[in-house]
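Following this line, the structure appears as structure tokens:
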């Protein structure tokens, strides 16, 4: 099986977005939401600093708030990397690959990211 290349491509949204997330697979011992701000977002994934290390392959449900458009979107993603932050003590730089089933859903997601990028360019 080919190894997943977690270096994302495409334009990145660099303005911070509030992210609420929790692990859904494997089922955690404690079912709680964590809150973070994004480091960057692209059409393939989201990077953020979490308070705990997540196992590669863990599935997270996420709610991302866009402060420029006053909207919240929900996603499911798979952790591709979670390692000690080089910038923040006691945090982990976590990268999640967005999982979207179906062409219509993917097209809607791409359109949403493009809207966010356009709005970010206006501010």
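Residue numbers (the working numbering): 45 to 167. For each residue, glycine too, the CB sits at the ideal point set by N, CA and C.
Per the contact definition of three or more C-beta pairs closer than 8 Å, is the region 141 to 153 in contact with the region 108 to 125? yes
Could you give the distance in angstroms between the alpha-carbon of residue 139 and the alpha-carbon of residue 150? Translated into positions along the chain shown, residue 139 becomes position 95. Translated into positions along the chain shown, residue 150 becomes position 106. About 19 Å.
Can you tell me whether residue 65 is helix, strand or coil according to DSSP? For this step, residue 65 is matched to residue 21 along the chain shown. Strand.
Hey, residue 59 and residue 164 are a contact pair by Cβ (cut 8 Å); roughly how many whole angstroms apart? Position 15 of the chain shown, counted from the start, is the residue given in the question as residue 59. Position 120 of the chain shown, counted from the start, is the residue given in the question as residue 164. Confirmed, Cβ separation roughly 5 Å.
Would residue 77 be called buried (16 or more neighbouring beta carbons within 10 Å of its own) or exposed? Residue numbering aside, residue 77 sits at position 33 when the chain shown is read from its first letter. Exposed, since its Cβ has fewer than 16 Cβ neighbours within 10 Å.
In the DSSP assignment, the beta strand (DSSP E) including residue 134 goes from what residue to what residue? Stepping through the chain shown from its first residue, residue 134 is reached at position 90. Where residue 134 is concerned, there is no enclosing beta strand (DSSP E), given that its DSSP letter is neither H nor E.
In whole angstroms, give me the CA-to-CA distance for residue 129 and residue 155. Within the chain shown, numbered from 1, the residue matching residue 129 stands at position 85. Within the chain shown, numbered from 1, the residue matching residue 155 stands at position 111. When rounded, the distance between both Cα atoms is 31 Å.
Indicate the three-state DSSP secondary structure (helix, strand or coil) for residue 98 in the structure shown. Here the question's residue 98 lines up with position 54 in the chain shown. The answer is coil: DSSP assigns residue 98 none of H, G, I, E or B.
Alpha carbon of residue 131 to alpha carbon of residue 57, nearest angstrom: Position 87 of the chain shown holds residue 131. Position 13 of the chain shown holds residue 57. Roughly 19 Å separates the two Cα atoms.
Please name the residue in 148, 112, 61 and 152 whose C-alpha comes closest to that of residue 93. Taking the chain shown and counting its residues from 1, the one referred to as residue 93 is at position 49. Answer by Cα proximity: 61.
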